[in-house]
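**Q**
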Amino acid sequence: MTRYVIRRILQAIPLLIIISAILFLLANEMGDPLASFGGRRRIRSSDRERLTRQLGLDQPVMVQYLIWLVGNDWMQIDVDGDGTPDEYGTRRGVLRGDFGTSFMEKRPVLEIIGERFKNTMILMITAEIVILFFAFWIGIYSALRQYSFVDNVVTTFSFVGYSMPVFWLGLILMYVFSVNFKRWGLPYFPTVGMYDLAVGPTIPQIAWHLVLPVTTIAIISIAGYSRYVRSQMLEVINQDYIRTAHSKGLPDRWVITRHALKNAALPLITIIGMDLPLLIAGATVTESIFAWPGMGRLYWDATQDTDIPVLMGILVIISVLVVVFQIITDITYTFLDPRIRYE
Amino acid sequence: MSSTTTDSTDVTWKSLEIAERPPLTPTQVAWRRFRRHKMAIAGIFMLVAIILYVTVGTFFFTEAEANYTDLSIKLSPPSLEHPFGTDMVGRDLFARTIYGGQISIIIGLFAVFVSIILGVLIGAVSGYYGGATDSVLMRFTEAMFNIPSLFLLIILGKVLSGKIANFNLLGRSFSGSVVVIIAVIGITSWMYLARIVRANVLSLKEQEFITAARCTGTSNFSIIFSHILPNTTAPIIVSATLLVAAAILAEAYVSFLGVGVQPPTPTWGNMLDQAYHHLEREPWMWFFPGVLILMTVLGINFVGDGLRDALDPRALSESE
Numbered sequence: 132m133t134r135y136v137i138r139r140i141l142q143a144i145p146l147l148i149i150i151s152a153i154l155f156l157l158a159n160e161m162g163d164p165l166a167s168f169g170g171r172r173r174i175r176s177s178d179r180e181r182l183t184r185q186l187g188l189d190q191p192v193m194v195q196y197l198i199w200l201v202g203n204d205w206m207q208i209d210v211d212g213d214g215t216p217d218e219y220g221t222r223r224g225v226l227r228g229d230f231g232t233s234f235m236e237k238r239p240v241l242e243i244i245g246e247r248f249k250n251t252m253i254l255m256i257t258a259e260i261v262i263l264f265f266a267f268w269i270g271i272y273s274a275l276r277q278y279s280f281v282d283n284v285v286t287t288f289s290f291v292g293y294s295m296p297v298f299w300l301g302l303i304l305m306y307v308f309s310v311n312f313k314r315w316g317l318p319y320f321p322t323v324g325m326y327d328l329a330v331g332p333t334i335p336q337i338a339w340h341l342v343l344p345v346t347t348i349a350i351i352s353i354a355g356y357s358r359y360v361r362s363q364m365l366e367v368i369n370q371d372y373i374r375t376a377h378s379k380g381l382p383d384r385w386v387i388t389r390h391a392l393k394n395a396a397l398p399l400i401t402i403i404g405m406d407l408p409l410l411i412a413g414a415t416v417t418e419s420i421f422a423w424p425g426m427g428r429l430y431w432d433a434t435q436d437t438d439i440p441v442l443m444g445i446l447v448i449i450s451v452l453v454v455v456f457q458i459i460t461d462i463t464y465t466f467l468d469p470r471i472r473y474e
Numbered sequence: 005m006s007s008t009t010t011d012s013t014d015v016t017w018k019s020l021e022i023a024e025r026p027p028l029t030p031t032q033v034a035w036r037r038f039r040r041h042k043m044a045i046a047g048i049f050m051l052v053a054i055i056l057y058v059t060v061g062t063f064f065f066t067e068a069e070a071n072y073t074d075l076s077i078k079l080s081p082p083s084l085e086h087p088f089g090t091d092m093v094g095r096d097l098f099a100r101t102i103y104g105g106q107i108s109i110i111i112g113l114f115a116v117f118v119s120i121i122l123g124v125l126i127g128a129v130s131g132y133y134g135g136a137t138d139s140v141l142m143r144f145t146e147a148m149f150n151i152p153s154l155f156l157l158i159i160l161g162k163v164l165s166g167k168i169a170n171f172n173l174l175g176r177s178f179s180g181s182v183v184v185i186i187a188v189i190g191i192t193s194w195m196y197l198a199r200i201v202r203a204n205v206l207s208l209k210e211q212e213f214i215t216a217a218r219c220t221g222t223s224n225f226s227i228i229f230s231h232i233l234p235n236t237t238a239p240i241i242v243s244a245t246l247l248v249a250a251a252i253l254a255e256a257y258v259s260f261l262g263v264g265v266q267p268p269t270p271t272w273g274n275m276l277d278q279a280y281h282h283l284e285r286e287p288w289m290w291f292f293p294g295v296l297i298l299m300t301v302l303g304i305n306f307v308g309d310g311l312r313d314a315l316d317p318r319a320l321s322e323s324e
């Protein structure tokens, strides 16, 4: 098992390096990072030259990538632009945990991402709990009553949820529960932000601000998951061992949770494991309409400003998360199905 | 191959028992099952309605009308004259949804065309040749899978934006960004298809008819394209259908974020990009394009689900 995990991690490293190289090339093609440097003012050409040198943007892209990856504290760089290298660099490179400094905010990338990551996690973990709760509930219910009226209604609705653009659903929820509730004098939900600036980030405030974004994400995702739970359950409940369990006189509830669900959950683990990191990314649109200060929103701002260090930081962290979750998924498998062994 | 044979023999046996009818071809079997799928039929009706809407609509409104601005009537709510209201420069939203719909659907179809070509080629080559080719291609596929596609869409959209000039086709001018978005969506959506095709090729290439083809000296190219791929059309059709829905949604997302198709060419997606500013007072500006996207995507998903059931060889007993 340990060897399997180590091998998986070793395999993942070249993969991550390839991904990051491709992304770095693309990110550098996106535009001029210095364009939005001086805010509204245009920066002078002498300043531009100096900044380009200081940020290392005068180097060829592959050199920039290497510096991003392994740092530049082992080589001398030309800071004053007189053509002779004069001092050692200060960057230590991603491989040694230095993600660089944001072009826009002039702060370490990890610090910025860390703040935003927390907010995204609050949003996504809440959403994921809501999604799983309803998906299992709906999925099991409609599997046990296949082709019943309720099953058909639920199926149709799950397709509708699945086919809706996230932002459009968000707008509709905002329009109904925020704009119109306010007009009708009902208690209304806030549309933007994480908390009321006047009150501060208290738990009730955050919970109140979570309602609409979480509902939006949940409606879209419950659909797919519950369909999946349903089809998995249907496959399992027709198996012989379920009939055996019933004929032993076990209570229905016990058969469903202990015998059926445990086996039906196995393929679901893969889906959830693969989806989690993507959910974080998928929040880009949701976060941008609800002005939720999370990572998706940060990513979007970074692309607008061509803030390459932040952009790359987010992409690398998500890629690492994807790989880590894949490994965790594989390990969870062995617990749920002892027949599975990894060599 | 084996799956389709079991299908027809099964049906032959069944139909012989019920009434003495000639055996049905696999296509007929699939069509019969598809017809029984209520949601799929509803999906077909929805799609026909949408296609009529975006085609017949052009006889009532010219493209010039769709782009005609009249500031004196800007932001007017839906009325008899402007059923969907007007936008911030007084363009008629009804006419714009007609032309925008055409572009959105074209983007969806062409993007999927790109991703089928990429997915089928990469999947088939990787599955057929195996070995180092397979490892390299599959690592690449995995790498593409690891990056959230929306993130890639945004980066690629920004990299390529403005690189393609506007062009004229069939007497209409299109923004170059249409081509960019088609390419970008295609490039970010082929991975799943590649995996399906690879899995199918892996199992098919071990079968006797492929060995037979190889014995007669058939070239690899012809084995892949005329012996293996025709036998894996069913999963390709199903996932391509669902991909069209995903592509139309992807267009809406990138356009909503402002890196999609650039004006004046309307699409359902970019009609929504200013939506946020009109949330409270002008809900018609974002409501109608969204409904049309929903209807189209829903219709396609219904049809895709029906196709999956109809073409799935294992589903026979369940639907009979």
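Residue numbers (our numbering), protein chains in the order written: chain P, 132 to 474; chain X, 5 to 324. Heads up, the beta-carbon is just placed ideally off N, CA and C, and yes, glycines get one too.
(1) Determine, for S419 (chain P), whether the minimum Cβ-Cβ distance to residues of chain X falls below 9 Å.
(2) Would F466 (chain P) count as contacting chain X if we go by Cβ distances under 9 Å?
(3) Should M132 (chain P) be labelled buried (16 or more other beta-carbon atoms within 10 Å of its own) or exposed?
(4) If you run the structure through DSSP and keep just helix, strand and coil, what is E218 (chain P)?
(5) Kindly indicate if chain P contains any beta-carbon less than 9 Å away from that of A249 (chain X).
(6) Strictly below 9 Å CB to CB, what residues from chain X border W299 (chain P)?
(7) Mind the definition here: the segment 380-399 of chain P touches the segment 321-329 of chain P only if three or more C-beta pairs lie below 8 Å; say whether that holds.
(8) Pull up the DSSP beta-bridge partners for F178 (chain X), would you.
(9) Determine, using beta carbons only, whether W423 (chain P) comes closer than 9 Å to chain X.
(10) Please list, in chain order, all residues of the same chain as L241 (chain P) whose beta carbon is under 6 Å from its beta carbon, the five residues on each side excluded.
(11) Just how far apart, CA to CA, sit R312 (chain X) and T31 (chain X)?
(12) Given a cut-off of 9 Å, decide if L341 (chain P) and I253 (chain P) are closer than it, judged by their beta-carbon atoms.
(13) Checking contacts by CB at 9 Å: is N341 (chain X) closer than that to chain P?
(14) Give the DSSP-derived three-state secondary structure of T232 (chain P) in the structure shown.
(15) Tell me the rounded alpha-carbon separation between A254 (chain X) and S243 (chain X).
(16) Under three-state DSSP, which class holds Q336 (chain P)?
(17) Counting only Cβ pairs nearer than 8 Å, list the residues of chain P close to P267 (chain X).
(18) In this structure, how does DSSP classify I208 (chain P) when only helix, strand and coil are distinguished?
(19) Using C-beta distances below 7 Å, list every residue in its chain close to F88 (chain X), excluding the 5 sequence neighbours before and after it, in chain order.
(20) State the start and end residues of the unbroken alpha helix (DSSP H) segment that holds R36 (chain X).
(21) If you draw a straight line from the alpha carbon of T237 (chain X) to that of A128 (chain X), how long is it in whole angstroms?
(22) What does DSSP give as the partner residue(s) for M401 (chain P) in the beta ladder?
(23) Who are the neighbours of P287 (chain X) on chain P, taking C-beta pairs under 7 Å?
(24) Give the residues of chain P in contact with L160 (chain X), contact being defined as C-beta atoms less than 8 Å apart.
(25) List, in chain order, every chain X residue whose beta-carbon is nearer than 7 Å to that of T415 (chain P).
(26) If distances are taken between C-alpha atoms only, which option among X:L246, X:L276, X:G262 comes closest to N305 (chain X)?
(27) For P485 (chain P), name the three-state secondary structure that DSSP assigns.
(28) Taking just the CA atoms, how far does K393 (chain P) sit from T333 (chain P)?
(29) Would the beta-carbon of F421 (chain P) fall within 9 Å of that of A349 (chain P)?
(30) Under a three-way DSSP split, which group does D96 (chain X) fall into?
(31) Could you tell me which residues DSSP puts in a beta bridge with T90 (chain X)?
(32) Can you give the beta carbon distance from T269 (chain X) to F178 (chain X), rounded, assuming they're within the 8 Å contact cut?
(33) Looking at I357 (chain P): is its Cβ nearer than 9 Å to the Cβ of V285 (chain P)?
(34) In chain P, which residues lie with their C-beta within 7 Å of the C-beta of A70 (chain X)?
(35) Please classify E146 (chain X) as buried or exposed, where buried requires at least 16 other C-beta atoms within 10 Å of its C-beta.
(36) Note down, in chain order, each residue of its chain lying with its Cβ closer than 7 Å to the Cβ of A46 (chain X), except the 5 sequence neighbours on either side.
**A** With the structure as the only source:
(1) Yes, because at least one Cβ of chain X sits closer than 9 Å to the Cβ of S419 (chain P).
(2) Taking Cβ atoms only, chain X never reaches closer than 9 Å to F466 (chain P), which makes this a no.
(3) Counting every other CB atom within 10 Å of its CB across the protein chains shown gives M132 (chain P) a total below 16, marking it as exposed.
(4) In the structure shown, E218 (chain P) sits in a strand (DSSP, three-state: E or B).
(5) Judged by the 9 Å Cβ criterion, A249 (chain X) is in contact with chain P.
(6) The answer, in chain order, is A256, F260, L276, A279, W290, F291, P293, G294, V295, I297, L298.
(7) Touching, no.
(8) Per DSSP, X:F171.
(9) Interface residue (Cβ-Cβ distance to chain X less than 9 Å): W423 (chain P) is not classified as such.
(10) The residues are F230.
(11) In this structure, the CA atom of R312 (chain X) is about 13 Å from the CA atom of T31 (chain X).
(12) In terms of Cβ geometry, I253 (chain P) and L341 (chain P) form a close pair [threshold 9 Å].
(13) In the structure as shown, chain X starts at 5 and stops at 324, and residue 341 (chain X) therefore has no counterpart that could be examined.
(14) Residue state for T232 (chain P) is assigned as strand, using DSSP reduced to three classes.
(15) Rounded to whole angstroms, the separation of the alpha carbons of S243 (chain X) and A254 (chain X) is 16 Å.
(16) DSSP, reduced to helix, strand and coil, places Q336 (chain P) within a helical segment of the structure shown.
(17) Close to P267 (chain X), with beta-carbon spacing below 8 Å, lies no residue of chain P; the smallest spacing is near 18 Å.
(18) If DSSP states are grouped into helix, strand and coil, I208 (chain P) belongs with the strands.
(19) Around F88 (chain X): P82, L97, F98, T101, W288, F292.
(20) 30-40 is the span of the alpha helix (DSSP H), which, as asked, contains R36 (chain X).
(21) Straight across, the Cα-Cα distance linking T237 (chain X) with A128 (chain X) is about 12 Å.
(22) It is Thr, not Met, that sits at residue 401 (chain P) in the sequence shown. According to DSSP, T401 (chain P) bridges with nothing at all.
(23) Chain P residues near P287 (chain X): Y306.
(24) Near L160 (chain X) (Cβ distances below 8 Å), the residues of chain P are L157.
(25) Simply L154.
(26) The residue with the shortest Cα to Cα distance from N305 (chain X) is X:L246.
(27) This structure does not reach residue 485 (chain P), given that chain P is present from 132 up to 474, and the question cannot be answered.
(28) Roughly 38 Å between the two C-alpha positions.
(29) With a cutoff of 9 Å on beta-carbon distance, F421 (chain P) and A349 (chain P) are scored as not near each other.
(30) Judged by DSSP in its simplified three-state form, D96 (chain X) adopts strand.
(31) Under DSSP, T90 (chain X) shares a beta bridge with X:D96.
(32) Contact holds; Cβ gap of about 6 Å.
(33) One detail in the question is off: residue 357 (chain P) reads as Ser in this sequence, not Ile. Against a cut-off of 9 Å, the Cβ pair of V285 (chain P) and S357 (chain P) comes out as a contact.
(34) Going along chain P, no residue has its Cβ under 7 Å from A70 (chain X), so there is no contact; the nearest lies around 21 Å.
(35) E146 (chain X) is buried by the Cβ-count criterion.
(36) F306, listed in sequence order.
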